[in-house]
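Following: one structure in structure tokens, then a few remarks.
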Amino acid sequence: GSRLINRNSQRFYLSAIENMNVSQNLQQHSPQISPVVSPSKRKFNLFQKEGEKLKQGERLLRCPKCTFPSHDLGSTFATCTRIGCKYEFCIFCFGVYSLNHICPPLYTPKLCKKRTSTIGSKGSKRNLRRL
30 GSRLINRNSQ RFYLSAIENM NVSQNLQQHS PQISPVVSPS KRKFNLFQKE
80 GEKLKQGERL LRCPKCTFPS HDLGSTFATC TRIGCKYEFC IFCFGVYSLN
130 HICPPLYTPK LCKKRTSTIG SKGSKRNLRR L
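Sequential numbering of the sequence shown, starting at 30, is according to this note's numbering.
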């Protein structure tokens, strides 16, 4: 009976050693897989990395074409940092920048602020009764 117990404990011990070796070999030979990151966190991290590179007087803007970070070097235009984009745009109107660039006049009507009723006010109670 005692011989059977020793045999089982040896098998357990040997299988544990084999598992450890297999996992160590896999770690050495398999490429490092980075965790899946959501697109919003990826862009946040890109903005953070580009923000660390900024010098005094520079700022980051969102590229109007691809929404990646863009460098504003303190002039009237900014350049996208994404290699595939490199869009140069005016920092005021976000239009394509050129040497003779003139921003178009802005004809935006005044946006009236829509009043929202606060919780418990007459307006919110009236809206609830309407439902």
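Here a beta-carbon is modelled for each residue, glycine too, at the ideal position from N, C-alpha and C.
How would you label Cys-92, buried or exposed, when you count the other beta carbons within 10 angstroms and need 16 or more for buried? buried
Environment of Ser-127 [buried if 16+ CB atoms lie within 10 Å]: exposed
Since Arg-158 is in the alpha helix (DSSP H), which residue starts that stretch and which ends it? 151-159
In whole angstroms, what separates the C-alpha of Cys-114 from that of Ser-67? 21 Å
Of the choices Cys-122, Cys-132, Gly-103, Thr-110, whose alpha-carbon is the least far from that of Thr-96? Thr-110
What residues match up with Val-66 in a beta bridge as DSSP calls it? According to DSSP, which records beta bridges pairwise, Val-66 is partnered with nothing at all.
Please state whether the Cβ-Cβ distance between Leu-102 and Glu-87 is less than 9 Å. yes
Roughly how many angstroms separate the alpha carbons of Phe-106 and Lys-94, rounded to a whole number? 14 Å
Endpoints, the beta strand (DSSP E) within which Thr-108 is located: 106-109
Sorted by chain position, which residues of the same chain lie with C-beta nearer than 7 Å to Glu-117's C-beta, five sequence neighbours on each side aside? Phe-106, Thr-108, Tyr-126
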